[in-house]
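Student: Sequences listed follow chains V and B, in order.
Counting from 23, one number per residue, gives the positions in the first sequence under our numbering.
Counting from 23, one number per residue, gives the positions in the second sequence under our numbering.
Just so it is clear, CB atoms sit at the ideal spot from N, CA and C, and this is done for glycine as well.
The structure that follows is given in the form of structure tokens.
There are 2 protein chains.
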Amino acid sequence: MTTECWINGRLGDMIPVADRGLQYGDGLFETLAVNAGRIALLDYHLDRLLRGCRRLQLHAPSVDALRAELMSAAAGHTKAVLKLIITRGAADRGYGFTSGSETTRILTRHAWPEYPSEFSEIGVHLRICDTHLGHNRRLAGIKHLNRLEQVLARAEWSEIDQVQEGLMLDEEGMVIECTMSNVFAWLDHGVLATPDLQRCGVEGVMRRHLLEQARQASIAVRVAGLALTELMQAKEIFVCNSLIGIWPVTAIGHWKYSIGSMTRQAQRWASET
Amino acid sequence: MTTECWINGRLGDMIPVADRGLQYGDGLFETLAVNAGRIALLDYHLDRLLRGCRRLQLHAPSVDALRAELMSAAAGHTKAVLKLIITRGAADRGYGFTSGSETTRILTRHAWPEYPSEFSEIGVHLRICDTHLGHNRRLAGIKHLNRLEQVLARAEWSEIDQVQEGLMLDEEGMVIECTMSNVFAWLDHGVLATPDLQRCGVEGVMRRHLLEQARQASIAVRVAGLALTELMQAKEIFVCNSLIGIWPVTAIGHWKYSIGSMTRQAQRWASET
């Protein structure tokens, strides 16, 4: 399957140079998993997108129209990825913008990324990235188009048979997330912990799903600062996003971890989306 | 003059949706002042752009070719603005990239922005922005395409007859720069101070020119952390960039400043580019 692309609902794969998405990264995106014609966690994706629009003062598209467009692009596809980008549209030079200006909506459909099934079964190794995540409360949590930190972090390694994901810390050395996934730790005293993302990081839709499932199952959940030393001493560690589901983590640098029942339970939850 | 646009040297104003400049803000830009067919501070612009390419591991275009292209776009124009964007080019989905991949070069020529001449003569008022600049040493100093912080800061005010620029602080409350300009303070004890930009901020080419001119004139220069309280007590304050030259600052919120001889001297230096 080659990539297909629609701009504001019409087939096409070119945008004007004047689009603020290019000029300033002034926009948002969502990456959605299509499975048997259905989009997993669609409501959570739309919810985060609208939250992002409010935060960036972007004129939000109609949710109903967006949902219909996404479902139509997903229909009939066994496995695929949809990527939706919303930008503040084309404008004159300068950071200022007119409120209520027309946004640009870019939808692309991609082949499903075939990660080796061992990643889910026997786990992955993480590198601790040198590239930090900067703090900005106004940008934290949402999935905006300013992604140079992730680009630089991902560029830190190329041996994908040895390292599959990179752990990113903030400037203070606190654990935040991985380059393309969120991180969970099953701590010694029976608490499922994941970093709060008030100052940086992306609030993943799979992270949200897992937190809700864990709470429903009466598992003690902690969403708060997570020090690297604390993560290192966890009984189990896993990372998640809407495409990969859950990858158990069996090594961070030279530290080794085993895959336990909490991780396997999380994988069952992830499969129910 | 309407905007003219060249992509990789050919007339055109559309880029592929797959360009990483749009997808991740994965690129750099320069905004250059054209005056009587000449580009001011061209060497400094090229120098910063190449530094940015090294930092982002972008395959840098040939400097000679770039210089020739810019000079050709400037030739014959009395007053104009050139904006040059370099992106990592089109690629498949995902943060990872292949080193040495072909960059995309986007050059646009714009009408000169006619700021009221009072801004230079009788000065401007600054707002202290609520939007902070996040720290990231890997991105600090260079002029990359991740500009949401500036977009949000600039959106904080709309009364441009009352406020002309916004002062941006980092998370610790230290002064860094303005939304589109660098800031200088002429301190009580005869020191010309501007914030160091090791953790965030853009190293403006006009800032560099002024620092060099001041050093040549044996003025004591300090490039280091600048607390807001220290800025507030300055004898003179001014902001600069390659298009506006120098705007004296006569108010920050309710604090008032007068325009003195240091600011006027800096304006003379700025006119010699």
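Can you have a look at Q45/V and say buried or exposed, based on whether 16 or more other CB atoms are within 10 angstroms of its CB?
Tutor: So Q45/V ends up on the buried side.
Student: If we count the other Cβ atoms within 10 Å of its Cβ and call it buried at 16 or more, is K278/B buried or exposed?
Tutor: By the neighbour-count rule (16 or more Cβ atoms within 10 Å), K278/B is not buried but exposed.
Student: Just to confirm, are I198/B and L155/B a CB contact at a threshold of 8 Å?
Tutor: Cβ distance < 8 Å, so I198/B and L155/B count as in contact.
Student: Can you find the residues in the same chain that come closer than 7 Å, C-beta to C-beta, to D41/V, ignoring five residues on each side of it along the sequence?
Tutor: T109, G111, A112, T126, listed in sequence order.
Student: Any residues in the segment 147 to 177 of chain B with a beta carbon nearer than 7 Å to a beta carbon of chain V? Which ones, in chain order?
Tutor: Those residues of the segment 147 to 177 of chain B that come within reach of chain V (Cβ to Cβ, closer than 7 Å) are T153, H154, G156, H157, N158, R160, L161, H166, L167, N168, R169, L170, E171, Q172, V173, L174, R176, A177.
Student: Counting Cβ pairs, one atom from each stretch, are 3 or more of them under 8 Å apart for the segment 188 to 196 of chain V and the segment 95 to 106 of chain V?
Tutor: Segments in contact, no.
Student: Can you pull the chain B residues whose beta carbon is under 9 Å from the beta carbon of D35/V, in chain order?
Tutor: P38, V39, A40, listed in chain order.
Student: Who are the neighbours of K105/B on chain V, taking C-beta pairs under 9 Å?
Tutor: Within chain V, the residues near K105/B are Q45, R115.
Student: Checking contacts by CB at 8 Å: is F206/V closer than that to chain B?
Tutor: Not one chain B Cβ lies under 8 Å of F206/V.
Student: Which whole-angstrom value is the C-beta distance of A82/V and R131/V, which I expect to be below 8 Å?
Tutor: That belief does not hold up - the Cβ atoms of A82/V and R131/V are roughly 22 Å apart, past 8 Å.
Student: Going by DSSP, name the residue or residues bridged to T126/B.
Tutor: Paired residue(s): T109/B.
Student: Where does H166/B sit, in a helix, a strand or coil, going by DSSP?
Tutor: It is a strand residue.
Student: Where are the beta strand (DSSP E) runs, 3 residues long or more, that stay fully inside the segment 222 to 293 of chain V, in chain order?
Tutor: List check, beta strand (DSSP E) in window: 242 to 245, 258 to 263, 267 to 274.
Student: Hey, is P217/V close to the ligand SAM, as in C-beta under 7 Å from one of its heavy atoms?
Tutor: Although the ligand SAM was asked about, the structure shown includes no ligands whatsoever.
Student: Hey, D210/V and Q255/V: beta-carbon distance below 8 Å or not?
Tutor: In contact: D210/V and Q255/V (Cβ atoms closer than 8 Å).
Student: So with Cβ pairs under 8 Å, would you call E26/B a contact of chain V?
Tutor: Not closer than 8 Å to any Cβ of chain V, the Cβ of E26/B fails to qualify, so no.
Student: By a C-beta neighbour count over all protein chains shown, 10 Å radius and 16 as the cutoff for buried, is Q18/V buried or exposed?
Tutor: No answer is possible for residue 18/V: the residues shown for chain V start at 23 and end at 295.
Student: Is there a Cβ of chain V sitting closer than 8 Å to that of Q79/B, yes or no?
Tutor: Closer than 8 Å to some Cβ of chain V, the Cβ of Q79/B qualifies, so yes.
Student: With a threshold of 8 Å, are at least 3 pairs of Cβ atoms found where one atom belongs to the segment 87 to 101 of chain B and the other to the segment 64 to 73 of chain B?
Tutor: Counting Cβ pairs under 8 Å, three or more are found: they touch.
Student: For L161/V versus L170/B, is the C-beta spacing smaller than 8 Å?
Tutor: It is a contact, given that the beta carbons lie within the stated cut-off.
Student: Which residues mark the beginning and the end of the alpha helix (DSSP H) in which V85/B is found?
Tutor: Per DSSP, V85/B belongs to the alpha helix (DSSP H) from 85 to 96.
Student: Within 8 Å of any Cβ in chain B, is that where the Cβ of H67/V sits?
Tutor: No, H67/V does not count as interfacial toward chain B.
Student: Starting from the Cα of R221/B, find the closest Cα among Y66/B, G282/B, I274/B, A246/B and give me that residue.
Tutor: Selected option, being the one with the closest Cα: A246/B.
Student: Pairs of beta-carbons, one from the segment 26 to 41 of chain B and one from the segment 227 to 241 of chain B, closer than 8 Å: are there three or more?
Tutor: No, the segment 26 to 41 of chain B does not touch the segment 227 to 241 of chain B.
Student: Under the three-state reduction of DSSP, which class applies to C151/V: helix, strand or coil?
Tutor: DSSP places C151/V in coil when its eight states are reduced to three.
Student: Note the first and the last residue of the continuous beta strand (DSSP E) segment covering G188/B.
Tutor: Its beta strand (DSSP E) spans residues 187 to 191.
Student: Given A55/V, which residues of its chain have a CB within under 6 Å of its CB, disregarding the five upstream and five downstream residues?
Tutor: Within the same chain, A55/V has close Cβ partners A62, S264, L265.
Student: Using the DSSP secondary-structure output, state which residues sit across from G145/V in a beta bridge.
Tutor: Per DSSP, none; premise fails for G145/V.
Student: Determine the DSSP secondary structure at A207/V, reduced to helix, strand or coil.
Tutor: Here A207/V sits in strand by DSSP.
Student: I need the boundaries of the alpha helix (DSSP H) containing L78/V, first residue and last residue.
Tutor: That run of the alpha helix (DSSP H) goes 64 to 78.
Student: Verify whether the separation of the beta carbon atoms of L167/B and L248/B is less than 8 Å.
Tutor: No, Cβ-Cβ distance for L167/B and L248/B is not below 8 Å.
Student: Assuming T153/B and A175/B make a contact with CB atoms under 8 Å, what is their CB distance in whole Å?
Tutor: Indeed, because the Cβ distance is near 4 Å, the residues count as touching under 8 Å.
Student: Taking 8 Å as the cut-off, decide whether the C-beta atoms of G98/B and G163/B are in contact.
Tutor: No, Cβ-Cβ distance for G98/B and G163/B is not below 8 Å.
Student: Closer than 9 Å, Cβ to any Cβ of chain V: which residues of the segment 250 to 265 of chain B, in chain order?
Tutor: Those residues of the segment 250 to 265 of chain B that come within reach of chain V (Cβ to Cβ, closer than 9 Å) do not exist; the list is empty.
Student: Nearest-angstrom Cα distance between G118/V and V173/B?
Tutor: About 6 Å.
Student: With DSSP run on the structure shown, which of helix, strand or coil describes R60/V?
Tutor: Here R60/V sits in strand by DSSP.
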